[in-house]
Amino acid sequence: MREEQVILVDENDNKIGLMAKMEAHEKALLHRAFSVFIFNDNNELMLQQRALHKYHSPGLWTNTCCSHQRDGESNLEAGKRRLQEEMGFVTDLNESISFIYKAPFDNGLTEHEYDHIMIGHYNGKPLINKNEVADWKWMPLESVKSDLQSNPEHYTAWFRIIFDKFYESINVSK
Numbered sequence: 008m009r010e011e012q013v014i015l016v017d018e019n020d021n022k023i024g025l026m027a028k029m030e031a032h033e034k035a036l037l038h039r040a041f042s043v044f045i046f047n048d049n050n051e052l053m054l055q056q057r058a059l060h061k062y063h064s065p066g067l068w069t070n071t072c073c074s075h076q077r078d079g080e081s082n083l084e085a086g087k088r089r090l091q092e093e094m095g096f097v098t099d100l101n102e103s104i105s106f107i108y109k110a111p112f113d114n115g116l117t118e119h120e121y122d123h124i125m126i127g128h129y130n131g132k133p134l135i136n137k138n139e140v141a142d143w144k145w146m147p148l149e150s151v152k153s154d155l156q157s158n159p160e161h162y163t164a165w166f167r168i169i170f171d172k173f174y175e176s177i178n179v180s181k
């Protein structure tokens, strides 16, 4: 099986090529990614705990799902695909904001991503893929914000950045 490829982009999100995912992370090259945030009627965010065998950030809590777009796939198509693959459901998504971040990890890999944020709504219980997700929970947005301040080490780097810099853009209750 061929390794998954990521879309290399410039600082304006223009495609400049394709590269194997691990190679892009080893070389810290900017590539396209997305993060999905699912809320319920109580304005609670569905969090996932990353599977314990993930190559980076294993066991950490993060947004509902995230991954990389495939070549020719829109942000919304990618978000829905990955939501189904990781959390076992699909719902309508809306694009919010996008930003660039760079986060080196202890294993020598670096996430350098042009991250597209998508927001959706769902009230059901996910059917998680145990190969991708260790656990999940609903959490009020203010509780997430408070816990991030008290226990930042429990969360992924990109999730901490999103909450630190873009909280207003994901707060659907305002």
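If you want the working numbering, it's the position in the sequence shown, counting the first as 1, plus 7.
Ideal Cβ placement from N, Cα and C applies to all residues, glycine included.
query: The stretch 97 to 106 / the stretch 56 to 75 touching (three or more Cβ pairs under 8 Å); result: no
query: Thr-117 to Ser-157 span [Cα, whole Å]; result: 25 Å
query: Cβ contact (3+ pairs, closer than 8 Å) linking the stretch 147 to 164 and the stretch 78 to 91; result: no
query: Of the listed residues Ala-110, Glu-149, Trp-145, nearest to Tyr-174 (C-alpha basis); result: Glu-149
query: Asp-122 burial status per 10 Å Cβ neighbour count (16 or more: buried); result: buried
query: Sequence ranges, beta strand (DSSP E) only - wholly within the stretch 47 to 91, length at least 3; result: 51 to 57, 72 to 74
query: Own chain, CB closer than 8 Å to Asn-114, minus 5 neighbours either side, in chain order; result: Tyr-62, His-63
query: For Leu-155, the first and last residue of its enclosing beta strand (DSSP E); result: No beta strand (DSSP E) contains Leu-155, which is instead part of the alpha helix (DSSP H) from 148 to 157.
query: Three-state class that DSSP yields for Ala-164 in the structure shown; result: helix
query: CB contact flag (Trp-145, Glu-33, <7 Å); result: no
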